[in-house]
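Below you'll find the structure, written out as structure tokens, and then a few comments.
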Amino acid sequence: MSEIRPTSFDSPDGLLRGLNPEQHAAVTLPPGPALILAGAGSGKTRVLTTRIVWLIQTGQVAPGGVMAVTFTNKAAREMLTRLGAMLPLSLRQLWVGTFHGLCHRFLRLHWKTAGLPQTFQILDMQDQLSAVKRVLKAMNLSDEQFAPRKISSFIAGCKEEALRPGQLEIDSPHTRTLVDIYEAYEQQCQREGVVDFAELMLRTYEVLHAHPELRAHYQQRFAHVLVDEFQDTNRLQYAWLKLLAPPGTPQSVFVVGDDDQSIYGFRGARVGNMEDFTREYGVRDGETPQRLVRLEQNYRSAGHILECANALISNNTVRLGKTLRTDAGVGEPVRVMGAASDADEVRWLLEEVAALQRAGTALDQIAVLYRSNALSRGVESGLFNAGIAYRVYGGLRFFERAEIKHALAYLRLLENPHDSSSWLRVVNFPARGIGARTLEQLQDAAQNNGVSLYAAVSALPDNRSRDRLQGFIDLIDDLRQRASGLKLPEIIQRVVEGSGLQAAYEAEREGQERLENLGELVNAADAFERYEQRGAPVTPVAADGESGAPPEAAQGTLSSFLTHAALEAGDNQAQEGHSAVQLMTIHAAKGLEFDAVFLVGAEEGLFPHEQALADPDGLNEERRLMYVAITRARQRLSISHAQARMLHGQTRYNVPSRFLDELPEGAVKWLTPPRAATGASFWGRDSVGSAGWGGNRRAAAAAPVPNVWTESQASPTEPARQDAPPPASGTALRKGQGVFHTKFGEGRVLAIEGTQPQARVQVAFRRHGEKWLDQTLAKLQPI
DNA sequence: GCGTTTGGGGTACCT
DNA sequence: CCCCAAACGC
């Protein structure tokens with residue numbers, strides 16, 4: 002065992018100082034299995050990292066003997082950062098990463114045993130979808146009857162149950178076809194040397210399963226296996242864990258999770274794994290030492306917020322059970338706001354945000370959460386009009402942008418020309434006169450000969466089409482040759498130029514942004530290369546010095562970078578700097594915390610989402626989602642719902658979410674809209690019966706009600722836009738004229754170009770700066 | 001082969 | 001309402 006070098010902590014005592022008794026007990030558990038039930042905001046990550054440091058510092062394990070698994074790259078990075086600060090070690094020795102990242106690391110080491118080409122590539126979800134489409138085409142199946150998305154999730158679902166096509170039960174002709182598609186898809190992937198996300202896991206599992214000597218090696222090596230967010234593991238991940246560290250061995254399996262925060266059932270997460278773990282690893286209440294540790298001390302939220310969370314989640318019956326507590330005092334009650342319409346909800350939100358801002362709350366400490374992305378739009382436009390900075394999470398991420406995927410496709414072809422997904426993506430982009438007909442022929446040839454598209458070119462008749470395809474092959478070969486010996490950023494620069502991507506985007510009207518993104522890709526590669534040389538474990542290039550697992554491959558820098566791009570799609574917009582209100586789905590908010598949280602759209606049908614109710618555990622999972630939303634808030638939590646809401650182009654009349662009924666009266670303050678005191682009840686002059694807050698709200702659904710608030714007066718945060726007269730046709734604008742724009746608000750005309758009413762008009766907006774607008778499109782209203 | 005139009009569909013999106 | 005994908009026309 003390697004010696005333990007001195008660390009930044011004089012002694013374990015220093016390391017453990019500041020832990021509460023539960024945390025202390027968890028961190029210092031003697032070897033053996035353990036389940037840490039870590040409530041929201043209970044210091045879960047701290048316990049996990051401190052445990053690792055404690056194990057190493059006290060000489061119980063060498064750094065190489067630790068494996069720590071997380072779900073997201075973000076969590077893995079955070080753990081590494083903390084470990085890096087606490088341990089003066091090369092982090093490369095630690096096997097810390099995501100399930101998929103670690104499996105990938107394993108497969109790069111054991112590619113031969115796994116039956117993969119050394120240069121295998123990873124398919125992301127888009128790639129997988131296009132691969133499925135090709136399979137369907139080759140099998141002459143309509144993608145109406147077999148929706149590619151459905152097929153894709155069917156295949157992923159099978160793999161997560163460790164089921165190969167041969168092991169599936171065929172109970173109908175439809176299932177027969179599904180299984181045939183699955184089988185053809187697998188053959189295609191194998192042919193092309195690519196693996197999807199689920200395959201990384203399953204292939205690793207199968208290799209470990211089929212090779213006892215390899216399994217024994219890793220079991221011996223990893224004396225301590227730690228798993229974060231265990232409630233989100235699927236069947237296969239748990240089975241994988243049991244292979245690596247089976248129950249009844251001297252290995253320590255330390256899993257941390259919160260069954261109340263399991264919100265990924267829709268993609269295979271199995272809360273039941275937690276209960277199975279207690280049974281299979283023999284971890285139960287009332288033992289000494291206590292191997293089932295509950296972290297119930299919450300360091301995040303004020304008392305009333307926690308009361309709401311506890312009360313709500315107690316409605317879920319199948320739980321391991323725990324109750325959060327805090328020393329922070331009760332704080333403010335949770336506020337519930339019923340708005341007449343979605344527009345009113347946003348107006349109220351804007352006033353609240355403005356008030357918080359005046360009271361000194363930083364904007365980035367304010368979050369607006371919603372169940373589904375469709376709800377973000379109204380909030381966004383409201384904030385935009387009010388000139389309040391905001392940031393929306395979700396949406397396209399860096400490595401998912403079309404131009405980036407194109408560049409990566411060329412790079413992947415340099416590594417592995419058989420990668421047909423990449424081939425199809427760029428064979429005719431930029432255009433090279435290779436059309437659908439040619440590619441159809443090529444795909445037929447590939448199908449008939451059972452080879453990749455690249456390999457099928459030589460099987461085509463010698464004609465013009467083939468010449469063009471050959472030209473593409475020559476281009477790739479040429480790029481590959483010229484890339485040899487260059488550094489990564491230079492390779493990418495050359496490929497962007499040599500492939501014609503650069504020229505194509507230069508010619509495109511809106512190509513400027515794409516070119517900038519490609520420039521960013523070169524920068525990212527540069528940063529990646531330098532980071533890697535510093536020895537940070539971005540990439541799994543571990544040289545296994547130990548017997549039993551000889552290094553079968555060291556990954557090149559390009560290859561590592563491609564892996565990085567596939568496994569980590571990148572932030573959607575990492576622009577830090579000025580403070581902004583955070584907008585995101587509840588799913589995206591998991592693990593985050595904010596001083597003030599607004600949960601909008603708390604309505605039946607939206608939350609709980611109607612489509613979630615089909616699943617037997619659907620409502621419970623929705624409730625867990627609500628629990629996650631509530632526990633994001635530190636000091637103030639506001640929940641709102643609207644009676645009328647415009648969604649998907651039509652107005653829906655929703656009743657408040659049933660979850661609101663589950664909040665304890667004493668911890669909640671029901672707000673009425675500011676102007677409801679004008680005589681009419683908020684629900685509108687008895688038109689919906691006596692549906693007050695305590696009443697039979699749900700039964701009172703659907704009757705449209707006069708919009709008390711909107712009709713009274715426009716909110717001060719917004720100019721009276723609905724009430725402004727429509728632009729008189731033929732109204733001539735003049736320089737200096739004040740105008741109103743529905744999106745940019747008030748402004749003043751600076752210049753006019755062309756002849757009205759088809760002129761281009763330059764306007765200086767009060768909140769959004771100067772803009773050129775097309776008069777025919779932008780309905781500018783003179784003020 | 002390429003660009004525009006029409007029409008379908010819309011829970012959450014980690015790896 | 002808004003986005004993406006297939007279908008249509010040049």
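Quick note on our numbering: the first sequence kicks off at 2 and runs consecutively. Built from N, CA and C at the ideal position, the CB exists for glycine as well.
Shown here, E145 sits in coil according to DSSP, grouped into three states, outside any helix or strand. Per the coordinates, the alpha-carbon of D128 lies some 33 Å from the alpha-carbon of V67. CA-to-CA, the gap between R271 and A508 works out to about 50 Å. In the DSSP assignment, M338 is bridged to S641, L672.
DSSP places G451 in the coil class of the three-state scheme, outside both helix and strand. In the three-state reduction of the DSSP assignment, I784 falls in the coil class, being assigned neither a helical nor a strand state. Note on F267: under 16 other CB atoms within 10 angstroms of its CB, so exposed under the neighbour-count rule. Following the DSSP letters along the chain, one finds Q494 in no beta strand (DSSP E) but inside the alpha helix (DSSP H) bounded by residues 489-499. In the structure shown, M140 falls within a coil segment according to DSSP collapsed to helix, strand and coil. Counting every other CB atom within 10 Å of its CB across the protein chains shown gives V54 a total of 16 or more, marking it as buried. When C-alpha distances from I57 are compared across K45, K75, L36, L92, the shortest belongs to L92. Between G602 and L313, the alpha-carbon positions lie close to 17 Å from each other. Listed in chain order, the non-local C-beta contacts of V452 below 7 Å within the same chain comprise R192, local neighbours out to five positions each way being set aside.
Cβ-Cβ distances below 8 Å link H610 to R372, S373, E623 in the same chain, with the five nearest sequence neighbours on each side left out; the list follows chain order. Separation of the CB atoms of V582 and Y391 is rounded to 4 Å, and the pair is thereby assigned contact status at 8 Å. Relative to D328, the option among N21, G167, M338 whose CA is nearest is N21. For a cut-off of 8 Å, the C-beta gap from V458 to Q444 is around 11 Å, too long to register as a contact.
For the pair R735 and L751, the Cα-to-Cα distance works out to about 9 Å. In this structure, the alpha-carbon of A211 lies about 11 Å from that of A217.
S580 sits in coil when the DSSP states are folded into three classes, being neither helix nor strand. Put simply, the backbone Cα of C104 is about 37 Å away from that of N316.
Per the coordinates, the alpha-carbon of V48 lies some 14 Å from the alpha-carbon of L81. Around the CB of T176, fewer than 16 other CB atoms lie within 10 Å, so the residue is classed as exposed. Bounds of the alpha helix (DSSP H) holding D277 are 273-281. Spanning the alpha carbons of E23 and F741 requires a straight line of approximately 59 Å.
If you look at Q189, you'll find it in the alpha helix (DSSP H) that goes 174-193.
When secondary structure is reduced to three states using DSSP, W96 falls in the strand class. The straight-line gap separating the alpha-carbon atoms of D286 and L307 is approximately 24 Å.
Considered as a whole, the segment 366-414 harbours 377-387 as its complete alpha helix (DSSP H) runs of no fewer than 4 residues, in chain order.
Sequence-distant Cβ neighbours of F231 in its own chain, meaning closer than 8 Å and more than five residues away, are L36, V256, V257, G258, N274, M275, F278.
In this chain, Q291 is not harboured by any alpha helix (DSSP H), its DSSP state being neither H nor E. Taking a cut-off of 8 Å on C-beta distances, the segment 654-673 does not touch the segment 282-301, as fewer than three cross pairs fall below it.
Remark: C-beta atoms of K323 and L781 do not approach each other more closely than 7 Å. Contact between V369 and L584 holds: their C-beta atoms lie close to 5 Å from each other, under 8 Å.
Distance from the CA atom of L620 to the CA atom of L350, rounded to whole angstroms, is 27 Å. Under DSSP, F562 shares a beta bridge with no residue.
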